[in-house]
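Respectively, the protein sequence lines represent chains A and B. Just so you know, this note's numbering puts the end of the first sequence at 155, numbered straight through with nothing missing. Just so you know, this note's numbering puts the end of the second sequence at 419, numbered straight through with nothing missing. Yeah, the Cβ is synthetic: ideal placement off N, Cα and C, and Gly gets one too. Notes for the one structure printed next.
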Amino acid sequence: MLTVSMSVNGRKVSRKVEGRTLLVEFLREHLGLTGTHVGCDTSQCGACVVHVDGASAKACTLLAAQAEGTEVTTIEGLAKNGELHPMQAAFKEHHGLQCGFCTPGMVMSAVDLLKRNPDPSETEVREWLEGNLCRCTGYHNIVKAIRAAARAMAG
Amino acid sequence: MYDFAYHRPASLEEAERLLSGASDGTLIAGGMTLIPALKQRLASPSDVIDLSGVAGLSGISEAGGAIVVGALTPHAAVASDAVVTARVPALAALAAEIGDPQVRNRGTLGGSIANNDPVADYPAAVLGLGATVRTNRREIAADDFFTGMFETALEDGEIVTAVSFPVPDKAGYTKFSNPASRYAVVGVLVSRGPAGTRVAVTGAGPCVFRSAELEQALAGDFTAAALDAVTVAAEGLNSDIHASADYRAHLVGVMAKRAVAACG
Ligand SMILES: Cc1cc2nc3c(=O)[nH]c(=O)nc-3n(C[C@H](O)[C@H](O)[C@H](O)COP(=O)(O)OP(=O)(O)OC[C@H]3O[C@@H](n4cnc5c(N)ncnc54)[C@H](O)[C@@H]3O)c2cc1C
Ligand code: FES
Ligand code: FES
Numbered sequence: 001m002l003t004v005s006m007s008v009n010g011r012k013v014s015r016k017v018e019g020r021t022l023l024v025e026f027l028r029e030h031l032g033l034t035g036t037h038v039g040c041d042t043s044q045c046g047a048c049v050v051h052v053d054g055a056s057a058k059a060c061t062l063l064a065a066q067a068e069g070t071e072v073t074t075i076e077g078l079a080k081n082g083e084l085h086p087m088q089a090a091f092k093e094h095h096g097l098q099c100g101f102c103t104p105g106m107v108m109s110a111v112d113l114l115k116r117n118p119d120p121s122e123t124e125v126r127e128w129l130e131g132n133l134c135r136c137t138g139y140h141n142i143v144k145a146i147r148a149a150a151r152a153m154a155g
Numbered sequence: 156m157y158d159f160a161y162h163r164p165a166s167l168e169e170a171e172r173l174l175s176g177a178s179d180g181t182l183i184a185g186g187m188t189l190i191p192a193l194k195q196r197l198a199s200p201s202d203v204i205d206l207s208g209v210a211g212l213s214g215i216s217e218a219g220g221a222i223v224v225g226a227l228t229p230h231a232a233v234a235s236d237a238v239v240t241a242r243v244p245a246l247a248a249l250a251a252e253i254g255d256p257q258v259r260n261r262g263t264l265g266g267s268i269a270n271n272d273p274v275a276d277y278p279a280a281v282l283g284l285g286a287t288v289r290t291n292r293r294e295i296a297a298d299d300f301f302t303g304m305f306e307t308a309l310e311d312g313e314i315v316t317a318v319s320f321p322v323p324d325k326a327g328y329t330k331f332s333n334p335a336s337r338y339a340v341v342g343v344l345v346s347r348g349p350a351g352t353r354v355a356v357t358g359a360g361p362c363v364f365r366s367a368e369l370e371q372a373l374a375g376d377f378t379a380a381a382l383d384a385v386t387v388a389a390e391g392l393n394s395d396i397h398a399s400a401d402y403r404a405h406l407v408g409v410m411a412k413r414a415v416a417a418c419g
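So, in structure tokens, the structure goes:
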């Protein structure tokens, strides 16, 4: 066992974990933050995407110990003062989800994209979503939502 | 996944000591290959030694006509680096095509070449640009580094610290990606420069290799048309659910021509 400490959604947390504890297990089982999903557990689907020091990462393919000392943001950390993040609002407005299983990962991945590229083309959005799989929507409305969020966030 | 002792050393010396002191120690860089292997119990090390705390293993610099990329530099950093983009755009483009954005944010150059997956992209860049691999013990020429399927010249306890890529006059990389994983069904890197005229092929065989026929054809005339008359032999190439050896041989020729054309 080892003690890991990090900041999760702005809150300092410290827990005893095993070396093999994954970041996604740490978030879901140790902290009760079940918004981060596990779809494939094989680093393919992106349901588990969170931000580690501002960059999107698959929390199923990261040890909790590797995140020692970092700032982690999960889907629970996006809304501020009860108000949805513009990306969440755009997914709602543009029907960017059906069952919602892929949605937390999609939203976290998309927020990372807009940080690097505030005005992505449709092709750039689709290419960026390479690591996020959705079995419901056919992606069309997800792409629409992300581009709408880009416009909303540009002011 | 079986449990293990996790360590994060702050120096290369400490990492070496932990590695030699462990009954079955392994290094972790980005973990994009190691963690899936641990989950599948393909690996069950006693100790996992995380290199991310070791200073000086990450970053990109230019020195003496070469671009030096630290072993821990993630693919995304290589893809977007201003020096790499200006001096060796083929290398930036190759890094930008690895996997997906989250894999590129975590996966590293050192991890990729130490693993030497037969379908990985970076081995083609290291061999095709005639790079030199630096370790905690020595320098290894690309031609001597990749020794077989998932095999390299690295010895027990040896740690890749950086790769030095000589800046080529021209270089291009094109891959025919597996549509699901983005790994190379066939990827070809062509270059001409201080390391000569080189053609490195990944994905097609059990290990990245140089194609003597294609190199000869390009040595006299570095154009896609110069490759028209060359046929690549299917012998020794991989056949699997993704592609037959014959199809891979055909793709090597097509990807090589496109890579030359991409040099501009
Ligand atoms: C979904 C997915 C898609 C991918 N697609 C592609 C693709 O299209 N093309 C491609 O090329 N790759 C692809 N990859 C692999 C990716 O590029 C990995 O980053 C890379 O194979 C390993 O790098 P890593 O830093 O994650 O290494 P790790 O997983 O941390 O380590 C891999 C191995 O290398 C050893 N090692 C690590 N660093 C060093 C070092 N400095 N010195 C000595 N040994 C070391 C470790 O002990 C381990 O055995 C993909 C991976 C995933 C999960
Ligand atoms: S659960 Fe992590 S990528 Fe699918
Ligand atoms: S909304 Fe169901 S998987 Fe994407």
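Measuring only from the beta carbon, is residue i closer than 6 angstroms to any heavy atom that is part of ligand 3?
i	result
F101(A)	yes
L129(A)	no
L373(B)	no
Q88(A)	no
C134(A)	yes
L97(A)	yes
T357(B)	no
T73(A)	no
T137(A)	yes
Closest Cβ-Cβ distance between residue i and chain A: below 7 angstroms?
i	result
D158(B)	yes
D324(B)	no
D236(B)	no
D255(B)	yes
Beta-carbon of residue i versus every beta-carbon of chain B: anything under 7 angstroms?
i	result
K58(A)	yes
R20(A)	yes
E130(A)	yes
A65(A)	yes
S121(A)	no
T36(A)	no
T61(A)	yes
A145(A)	no
T47(A)	According to the sequence displayed, residue 47(A) carries Ala and not Thr. Not closer than 7 angstroms to any Cβ of chain B, the Cβ of A47(A) fails to qualify, so no.
A55(A)	yes
Which whole-angstrom value describes the C-beta separation of residue i and residue j, a residue pair presumed to lie in contact below a C-beta threshold of 8 angstroms?
i	j	result
T146(B)	E370(B)	Limits of chain B in this structure are 156 at one end and 419 at the other, which puts residue 146(B) out of reach.
V4(A)	V17(A)	6 angstroms
I75(A)	G32(A)	That belief does not hold up - the Cβ atoms of I75(A) and G32(A) are roughly 14 angstroms apart, past 8 angstroms.
H51(A)	V72(A)	7 angstroms
For residue i, is the beta carbon positioned less than 6 angstroms from some heavy atom of ligand 1?
i	result
S319(B)	no
N270(B)	yes
G265(B)	yes
I253(B)	yes
I314(B)	yes
S175(B)	no
S336(B)	yes
D324(B)	no
Quick one: is the Cβ of residue i within less than 6 angstroms of any heavy atom of ligand 2?
i	result
G46(A)	yes
S43(A)	yes
K194(B)	no
V38(A)	yes
C60(A)	yes
Cβ of residue i versus every heavy atom of ligand 4: is any distance shorter than 6 angstroms?
i	result
G351(B)	Summarising the ligand content, the structure contains ligand 1, ligand 2 and ligand 3 and does not contain ligand 4.
Can you check whether the C-beta of residue i is within less than 7 angstroms of a C-beta belonging to chain E?
i	result
E310(B)	Looking for chain E here will not work: the only protein chains present are A and B.
So, does the region 401-419 of chain B touch the region 349-368 of chain B, judging by three or more C-beta pairs under 8 angstroms?
yes
Interfacial residues, the region 257-268 of chain B to chain A, with Cβ spacing under 7 angstroms:
Q257, V258, N260 and R261
Is it true that the region 293-306 of chain B meets the region 164-171 of chain B, where meeting means three or more beta-carbon pairs spaced less than 8 angstroms apart?
Result no; under three Cβ-Cβ pairs closer than 8 angstroms.
Beta carbons nearer than 8 angstroms to chain A: which residues of the region 184-217 of chain B have them?
G186, M187, I190, P191, L193, K194, V203, D205 and S207
To be precise: take each residue of the region 370-388 of chain B, compare its Cβ to all Cβ atoms of chain A, and keep it if any distance is under 9 angstroms. Which residues remain?
none
So does the region 327-337 of chain B actually touch the region 305-313 of chain B, counting three or more Cβ pairs closer than 8 angstroms?
no
Flag this pair as touching only if the region 55-68 of chain A and the region 260-269 of chain B have three or more C-beta atom pairs under 8 angstroms; answer yes or no.
yes
The region 328-343 of chain B: positions lying closer than 9 angstroms to chain A by Cβ:
Result list: A335, S336 and R337.
Taking Cβ-Cβ distances below 7 angstroms as the criterion, which residues of the region 391-416 of chain B are in contact with chain A?
none
Interface positions of the region 4-20 of chain A facing chain B (Cβ-Cβ less than 7 angstroms), listed along the chain:
Under the 7 angstroms Cβ criterion, the region 4-20 of chain A contributes E18, G19 and R20.
Say whether the region 132-151 of chain A touches the region 45-52 of chain A, bearing in mind that this needs 3 or more beta-carbon pairs closer than 8 angstroms, one atom from each stretch.
yes
Pair every Cβ in the region 16-32 of chain A with every Cβ in the region 220-237 of chain B, then say whether three or more of these pairs are closer than 8 angstroms.
Output reads no: the region 220-237 of chain B does not touch the region 16-32 of chain A.
If contact means a Cβ-Cβ distance below 7 angstroms, which residues of the region 272-284 of chain B contact chain A?
none
Pair every Cβ in the region 237-248 of chain B with every Cβ in the region 106-123 of chain A, then say whether three or more of these pairs are closer than 8 angstroms.
no
Does the structure place the region 192-202 of chain B close enough to the region 214-223 of chain B that three or more beta carbon pairs sit under 8 angstroms?
no
Just checking, does the region 332-339 of chain B make contact with the region 271-283 of chain B on the three C-beta pairs under 8 angstroms criterion?
yes
Along the region 65-83 of chain A, what residues have a CB closer than 8 angstroms to any CB found in chain B?
A65, Q66 and E68
Report yes or no: do the region 239-250 of chain B and the region 170-186 of chain B share at least 3 C-beta pairs separated by less than 8 angstroms?
no
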